[in-house]
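*Asks:* The structure's right below; bear with me while I get my questions together.
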C-alpha cells in the first residue's frame, strides 16, 4: 500500500466509523491534528521521511484502536460496528506490513485474538467476527451487523 493510500484509508475509517459516534473530543482533536501532520509528509524515496511517516501512522492507529477499546459511544452503543468493520476489512484499512506493530503483538491474527484485543463479550458479535474473519468474503457487513439476522 502506498503512503497516500494509507492516509486515505485511515481517513475513511476515522470519518465513517469513529467521528460520527465518539464522544471523546479531546482525543479526536489530537488524532485529527496528527492526521493533518501525516498528510503533509511526502516520503517519496527519502528513507528518513518514510520512517517518520510510518512512526506517526502507527501511533495514529494506536490512538484509534484505543478509542475503539475504551470509548463506550463507539462500542456497545452502536453495536460494535466500528470494530466489526475494522476486523472484516483489516487489510483495507491498515497496511499489512504494519499490523503487528500497530496491534503491538507478534501473535498470529485470529478472530479470537481480535475478540480479546477489543474485549468483546457479546456472543452474537463474537459469532459475526468469527464468521467474517474465517470467510474473509468481501461483502458489505455493515447492514447485517446493524440488524439482527433472522435465521
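Residue numbers (the UniProt record's numbering): 1 to 151.
All C-beta atoms, glycine included, are put in the ideal place defined by N, C-alpha and C.
1) Buried or exposed: residue 97, going by 16 or more other Cβ atoms within 10 Å of its Cβ?
2) So, is residue 82 buried or exposed, given that buried needs 16 or more other C-beta atoms within 10 angstroms?
3) Name the residue from 73, 120 and 92 whose alpha carbon lies nearest to the alpha carbon of residue 24.
4) Taking C-beta to C-beta, are residue 56 and residue 49 nearer than 7 Å?
5) Take every Cβ of the stretch 122–133, pair it with every Cβ of the stretch 101–112, and state whether three or more of those distances are shorter than 8 Å.
6) Going straight from the alpha carbon of residue 51 to that of residue 121, what length do you get?
7) Would you mind giving the Cβ-Cβ distance between residue 84 and residue 128, rounded to the nearest angstrom? I have them listed as a contact below 8 Å.
8) Comparing alpha-carbon positions, which option in 91, 30, 58 and 67 lies nearest residue 117?
9) If the criterion is Cβ atoms closer than 7 Å, does the pair residue 93 and residue 13 meet it?
10) Give the C-beta separation of residue 10 and residue 35 to the nearest angstrom, bearing in mind that I take them to be a contact with Cβ-Cβ under 8 Å.
*Replies:* Once the coordinates are examined:
1) By the neighbour-count rule (16 or more Cβ atoms within 10 Å), residue 97 is not buried but exposed.
2) By the C-beta density criterion, residue 82 is buried, having at least 16 other C-beta atoms within 10 angstroms.
3) Considering only 73, 120 and 92, the residue with the shortest C-alpha distance to residue 24 is 73.
4) Not closer than 7 Å, so no.
5) These segments touch.
6) Here the alpha carbons of residue 121 and residue 51 stand approximately 37 Å from one another.
7) With a beta-carbon spacing of about 6 Å, residue 84 and residue 128 fall inside the 8 Å limit used to define contacts.
8) Ranking 91, 30, 58 and 67 by Cα distance to residue 117 puts 67 first.
9) Cβ atoms of residue 93 and residue 13: closer than 7 Å.
10) Between residue 10 and residue 35 a beta carbon distance of about 7 Å is seen, short of the 8 Å cut, so the two are scored as contacting.
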